[in-house]
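Using this note's numbering, the first residue of the sequence shown is number 15, and each one after it goes up by one. Ideal Cβ positions, reconstructed from N, Cα and C, are used throughout, including at glycine. Nothing here was measured: the structure is a model prediction, and the numbers come from that model.
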Amino acid sequence: KVLQITRPLFIVMEVNVKYPPNMRFAMFPGFRTDGSQLPFDSEKRGHVYGCSLAYQVLDLMRPNDYEILHLDWNNAIYYDTRAAAPAFHSDGSEFAPPSFK
């Protein structure tokens, strides 16, 4: 819903690299606000946090017209295909991002 109000050219998201790139995983809202989960300890979260690369690409970004441009360890950079399409796709240059299926 935020992307209906503003359209950033690039979005950087952290990927949960504990899951293979083709596995869809997302930790949906359910965090209790009564303080019983505070303080949050990232060392105890194990591998259950955030979402996988496949979930980001296929369920979050692609439906909103963003494609992955670069992945560096656990950081994915997405670009707005509506705004950047001519720069990345029109001539098939080396800057065209790889297809993710």
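Of the candidates Val-16, Glu-28, Arg-21 and Ile-19, Glu-28 places its Cα closest to the Cα of Tyr-63. With a 10 Å radius around the Cβ and a threshold of 16 neighbouring Cβ atoms, Asn-89 comes out exposed. In the same chain as Leu-23, and ignoring 5 residues on each side of it, the C-beta atoms closer than 7 Å to its own belong to Tyr-93, Asp-94, Ala-97 and Ala-98, in chain order. Annotated three-state conformation of Asp-73 is helix, per DSSP.
Note on geometry: alpha-carbon atoms of Tyr-80 and Asp-73 lie some 11 Å from one another.
For Ile-91, the enclosing beta strand (DSSP E) stretches over residues 89–94. The DSSP-derived three-state label of Val-16 is helix.
Residue nearest to His-61 within the set Val-71, Leu-85 and Tyr-33 is Tyr-33 (criterion: CA-CA distance).
With a beta-carbon spacing of about 13 Å, Cys-65 and Asn-36 fall beyond the 8 Å limit used to define contacts. Scanning its chain for C-beta atoms nearer than 7 Å, with the 5 sequence neighbours on each side dropped, one finds no residue around Arg-76. Counting of Cβ neighbours within 10 angstroms places Gln-70 among the buried residues, the total reaching 16 or more.
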